[in-house]
Amino acid sequence: MIIRVFIMEEQSITRAGLRSHLEGATDVDVIGEAADAVSGLRGVNNAKPAVVLLGSSFCRQESDQVIRKLLDITPQPGVLILADHEDARSAERSLKAGALGYVSNGIEAPALASAIRQVARQQVVVSPEIKDALLQRLSSGTPGAPKDPSQVLSQREMEVFVFTGKGLEAKEIAGELSISPRTVDVHRANIRYKLGIQGAHELMRYAMLWEQHRQHAERVLAFERNASPVLLVEDDEVDILNVDRALKELGSKVKLVVKRTAEEALKYLRASDNPRPGLILLDIKMPGMNGREFLTEVRKDSGLRTMPVVVLTSSKLDEDKHRMHALGITGYLTKPATSAEFVERLDLLAQYWSVNEPPPIPPTKGGAHPR
């Protein structure tokens, strides 16, 4: 299904950039844009988009009013805020006003398209950099703010709260729990009272954000439970520190094994007394044997050929991407420019890896599995 999007942003260059960002998303269609609130509200009312991108120029003003007016339009669009600075206070204000998303206007194209899809599904999406701070603020950071649900709700109320966070309506929750929709409404009223939440929309947004945070924490924990180390084949000390720091900031206890040359990495992998990595992060450009030559050797080795390898490189050349994918890599990531972006990339990789099912370890000629 094509997601119809309307852009509201004062700066024409920013609107053009957002359009360019979304050109590669085949399921997203930008159907209109406006530089001011009056023409924007009129355009949204006429075009009936599924999602409205509300730019940073509106965030610097009174965005709450614009959001509420957008939500008065039928059918009600999902509102995604594109902020020029990210802080939990602004995100909280926008979500309470009725927005479903709050991300940086410097967001990369794939992430923007993904955020639009989530908002179109009526799911809450918030930049990873502020999600923890926002939840902390909502749960304990300000007087009268919502409390931790797991600490104050009964078992049945917690079930209703979790289903609310998954986007279910009262009738759907009633069916899941074999109770009446009226009973669900009573439970939701009790939940709002216990959590200090004012309205149904605020409860829905808080429950969705809480559920996303819980799922994220579970995925990262599942990644940590994997006893296999991560092998980083990288010669740049700064990038080594960035990967190590990113794993630590994620709270991951996964062991990081670093080999600064491809030759050292091959020697490590072929040594029977070394634990087998669950994942290899591979740079392409290294002294001596490069990443492509290393991967060619790995794919020739019957004991190593199924090992999952994700390329982490500064090269954006299509030629390198084609060559590495032809050798059977699991993923191709370009190195981020900042430490925060390293954390975001590793976070996404950890979440994916928690649900990924790698191939079984092939037996050696003697019938035993390599470690």
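Okay, so the sequence shown: first residue is 65 according to the working numbering, each after it adds one.
Built from N, CA and C at the ideal position, the CB exists for glycine as well.
Leaving out the 5 sequence neighbours to the left and right, which residues in its chain are closer than 6 Å to residue i when beta-carbon positions are compared?
i	result
MET222	none
PHE358	ALA326
ARG79	ILE71, GLU73 and GLU97
ALA89	ALA177
LYS385	TYR396
Pick out whichever of the options has its Cα sitting closest to the Cα of residue i.
i	options	result
ASN354	PRO341, LYS364, ASP382 and ALA329	ALA329
LEU346	SER292, VAL321, ALA155 and SER336	VAL321
VAL216	GLY342, GLN279, ARG153 and LYS258	LYS258
LEU296	ARG324, VAL189 and LEU412	ARG324
VAL69	GLY88, ALA390, GLY315 and GLU97	GLU97
ARG106	MET72, SER120, THR78 and SER121	MET72
GLU266	GLU282, LEU146, ALA173 and ALA155	ALA155
THR228	MET268, GLU357 and ALA264	MET268
THR138	GLN276, THR90, ASP151 and PRO113	PRO113
GLY104	LEU86, GLU74, GLU87 and LEU381	GLU74
GLY81	ILE171, VAL318 and PHE122	ILE171
ALA101	ASP93, LEU86 and LEU118	LEU118
ILE77	ALA152, ALA89 and ASN169	ASN169
LEU146	GLN186, VAL108, VAL190 and ILE304	VAL190
SER121	HIS149, ASN109, ASP299 and ASN110	HIS149
In whole angstroms, what is the alpha-carbon distance linking residue i and residue j?
i	j	result
ILE67	LYS349	40 Å
ILE95	SER403	36 Å
VAL294	LYS399	17 Å
PRO42	MET65	Past the boundaries of the shown model lies residue 42; the chain is included only from 65 to 435, so the question cannot be answered.
GLN262	GLY239	26 Å
TYR270	LEU164	10 Å
PRO243	VAL362	Note that residue 243 is Ile in the sequence shown here, rather than Pro. When rounded, the distance between both Cα atoms is 57 Å.
LEU333	LYS195	38 Å
ALA209	ARG256	Below a pLDDT of 50, predicted positions are generally treated as unreliable, and ALA209, at 46, falls in that range; the measurement from the model is reported next regardless. Distance between the alpha carbons of ALA209 and ARG256 is about 11 Å.
TYR416	PRO341	16 Å
GLU282	SER418	9 Å
ILE393	PRO372	7 Å
ALA390	ARG252	53 Å
Under 7 Å Cβ to Cβ from residue i, same chain only, skipping five residues before and after it: list those, please.
i	result
ALA310	PHE406, VAL407 and LEU410
VAL115	ILE67, VAL69, PRO141, GLY142, LEU144, ILE180, VAL183 and ALA184
LYS235	PRO245
LEU397	VAL374, VAL375, LEU376 and ARG409
ASP128	ARG157 and ALA161
VAL226	GLU275
ASN254	GLU221
Among the residues of its own chain, which have a CB less than 8 Å from the CB of residue i, if the five just before and after it don't count?
i	result
LEU314	VAL284, VAL407, LEU410, ASP411 and ALA414
VAL188	LEU159, LEU164, GLY165, GLN182, ARG269, MET272, LEU273 and GLN276
SER214	MET222
Do we get a CB-CB distance below 8 Å when we pair residue i with the residues of chain B?
i	result
ALA89	Going by chain labels, chain B is absent from the structure shown, which holds only one protein chain.
Check whether the region 125-135 and the region 164-178 are in contact - that is, three or more C-beta pairs closer than 8 Å.
Segment contact: the region 125-135 against the region 164-178, fewer than three CB-CB distances shorter than 8 Å; contact not assigned.
Counting only runs of 4+ residues fully inside the region 353-404, write out the alpha helix (DSSP H) ranges in chain order.
Counting only runs of 4 or more, we get 355-364 and 382-390.
Ranges of the beta strand (DSSP E) found wholly within the region 92-142, counting only runs of at least 3
As far as the region 92-142 is concerned, its whole beta strand (DSSP E) runs of at least 3 residues are 92-98 and 115-118.
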